[in-house]
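**Q**
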Amino acid sequence: MREQWRLLQTGYDSAFSNMAIDKAILIANNKGRVPPTVRFYGWVPPAISIGYFQSLTDEVDIDICERLGVGYVRRITGGGAVFHEKEVTYSIVVPESHPEIPKNIIKSYGRICGAIIKGLEYLGIESAYAPINDIVAGGRKISGNAQTRKAGTVLQHGTVLMDVDVEKMFSLLKVPNEKIKDKLIADVKQRVTSIKHVVGNDVGFEEVASAMKRGFEEEFHVELIEGTLCDEERSLATKFEKECFSTEEWNFRR
Amino acid sequence: MKSQSTYKVPDGKLLKIFLDYDETSNVIRHIRITGDFFVYPEEAIELIEKKLINTAINKESLQKKISFIIHEHHIQFIGLNAEGLTKGILMCKL
């Protein structure tokens, strides 16, 4: 029988809540309370997440975010700023010691991205891992990913772009030089794609998530069993949201 | 003296440094190392920033100090390296 991991479909949440839930799963798995877990989720309101090492005020136009009702949050993972709107976001939490997880960080990125690549295949999209942390289709980015490891537990989360609005994204991000903004937008349009763009029509959240589920099952030779957050995870998530992700101290710390 | 730099690390990520340094003694007063790179463990970035205070801003001292901290604390950089970080700091003075 194949090993069973937990599948969580937590639906749409705010940026603070989404990041708090990922961290809660990481802690609960680290304590041995819950099995390895794959989670699919979305962002309402849409939000920008920035990498742990980025400066929020340097990357994001906070005033415009607030005016447009776009959330923002600092992740516990490194990497770049991401505008989360029309996408399926995944996270995977698994012990570093799991035989399917390479010890080498770059190799483990490749393995976990392998699940997304297999999932995209089910949607008829051919893609490939582009180190360090991207997946590209037709040479253009369709998924960005970021991983952390805490006390022997791996958390990787990432995006699968269903559609992308580069102009809106750039209205929220700070650009070093307004004069070259149009050129930057044109460049990014050339470098980024989405499921809608590749297959030629809208593919819904559920369909994408279900393809990704199969991708994870195949890549890791496991069966994903739908479950829910345990009580401990719920209370951890509430605590992390209140004490960390929603605070200015956390979001503006760098 | 406050200064900043943006440096694309070759084969790596975009490094943005915010530096406050003493012009007379040419040492770091305060430094923020930001960007879309990865550091394992993440908290090590704050340790590196703290340990770089009072380091002389020249290639040899910076690279030696950064390499020493990385080695001593088993820090892993992805999309960044000691050379790139040194270069980024030096660029703040250009």
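First to last, the sequence lines map onto chains R and F. My numbering puts the first sequence at residues 1142 to 1395. My numbering puts the second sequence at residues 13 to 106. We put the CB at the ideal spot given by N, CA and C, even for glycine. Predicted, not measured: the structure shown is a model, and the values here were computed from it.
#1: Are G1387/R and F1157/R touching if we call contact CB-CB under 7 Å?
#2: Taking just the CA atoms, how far does I1217/R sit from F1224/R?
#3: Taking DSSP's pairing of strands, which residues face I40/F in a bridge?
#4: Closer than 9 Å by beta-carbon distance: list the chain F residues that pair up with D1202/R, in chain order.
#5: Please identify, using Cβ separations under 9 Å, the residues of the region 1288-1303 of chain R that lie next to chain F, in order along the chain.
#6: Quick one: which chain R residues come within Cβ less than 8 Å of R41/F?
#7: Three Cβ pairs or more, each shorter than 8 Å: is that satisfied between the region 1188-1198 of chain R and the region 1249-1266 of chain R?
#8: Would you say G1265/R reaches chain F, if we count a Cβ-Cβ gap shorter than 7 Å as a contact?
#9: Mind listing the chain F neighbours of Y1182/R? Cutoff is C-beta to C-beta under 7 Å, in chain order.
#10: Between the alpha carbons of R1290/R and P1187/R, how many angstroms are there, rounded?
#11: Strictly by DSSP, which residues pair up with N1286/R?
#12: Once DSSP output is grouped into helix, strand and coil, what is the label at K100/F?
#13: Does any CB atom of chain R fall closer than 7 Å to the CB of G47/F?
#14: State the CB to CB distance for the pair E1373/R and E1364/R, rounded to an integer number of angstroms; the pair is presumed to be in contact (CB under 8 Å).
#15: If Y33/F sits next to R41/F, beta carbons under 8 Å apart, how far is it from one beta carbon to the other, in whole angstroms?
#16: Is the beta carbon of V1277/R less than 7 Å from the beta carbon of E1228/R?
#17: Taking V1339/R as the reference, which of A1269/R, S1190/R, K1248/R, I1283/R has the closest Cα?
**A** Working from what's here:
#1: As a working mapping, residue 1387/R is identified with position 246 in the first sequence. As a working mapping, residue 1157/R is identified with position 16 in the first sequence. Sequence check: residue 1387/R is Ser here, not Gly. Their beta carbons are under 7 Å apart, which means S1387/R touches F1157/R by this criterion.
#2: Taking the first sequence and counting its residues from 1, one reaches residue 1224/R at position 83. Taking the first sequence and counting its residues from 1, one reaches residue 1217/R at position 76. Going from the Cα of F1224/R to the Cα of I1217/R covers about 16 Å.
#3: Sequence index remark: in the second sequence, residue 40/F carries index 28 (1-based). Paired residues: Y33/F.
#4: Counting from 1 along the first sequence, the entry for residue 1202/R is found at position 61. Ordered by position in chain F, no residue passes the 9 Å Cβ test against D1202/R, which lies about 16 Å from the chain.
#5: If you check each beta-carbon in the region 1288-1303 of chain R against every beta-carbon of chain F, the ones closer than 9 Å belong to Q1288, T1289, R1290, K1291.
#6: Here residue 41/F corresponds to residue number 29 of the second sequence, with the count starting at 1. What R41/F touches in chain R: nothing, since even the nearest Cβ is about 17 Å away.
#7: Too few Cβ pairs lie closer than 8 Å, so no.
#8: Reading the first sequence from its first residue, position 124 is the one you call residue 1265/R. Cβ-Cβ to chain F under 7 Å: no for G1265/R.
#9: To locate residue 1182/R, count along the first sequence from 1; it is residue 41. Ordered by position in chain F, no residue passes the 7 Å Cβ test against Y1182/R, which lies about 22 Å from the chain.
#10: Counting from one through the first sequence, the residue named residue 1290/R turns up at place 149. Counting from one through the first sequence, the residue named residue 1187/R turns up at place 46. Distance between the alpha carbons of R1290/R and P1187/R: 27 Å.
#11: Position 145 of the first sequence, counted from the start, is the residue given in the question as residue 1286/R. Paired residue(s): G1299/R.
#12: Indexing the second sequence from 1 puts residue 100/F at position 88. It should be pointed out that residue 100/F corresponds to Gly in this sequence rather than to Lys. Of the three classes helix, strand and coil, the one that applies to G100/F here is helix, per DSSP.
#13: Here residue 47/F is taken as the residue at index 35 of the second sequence, counted from 1. Residue contact with chain R for G47/F: present (Cβ-Cβ distance below 7 Å to some residue of chain R).
#14: Within the first sequence, numbered from 1, the residue matching residue 1373/R stands at position 232. Within the first sequence, numbered from 1, the residue matching residue 1364/R stands at position 223. Not confirmed; about 24 Å, so no contact.
#15: Stepping through the second sequence from its first residue, residue 33/F is reached at position 21. Stepping through the second sequence from its first residue, residue 41/F is reached at position 29. Contact holds; Cβ gap of about 6 Å.
#16: Numbered from 1 along the first sequence, position 136 holds the residue referred to as residue 1277/R. Numbered from 1 along the first sequence, position 87 holds the residue referred to as residue 1228/R. No; because the gap between Cβ atoms is not below 7 Å, this pair is not in contact.
#17: Along the first sequence, read from residue 1 onward, the residue named residue 1339/R stands at position 198. Among A1269/R, S1190/R, K1248/R, I1283/R, the Cα nearest to that of V1339/R is on I1283/R.
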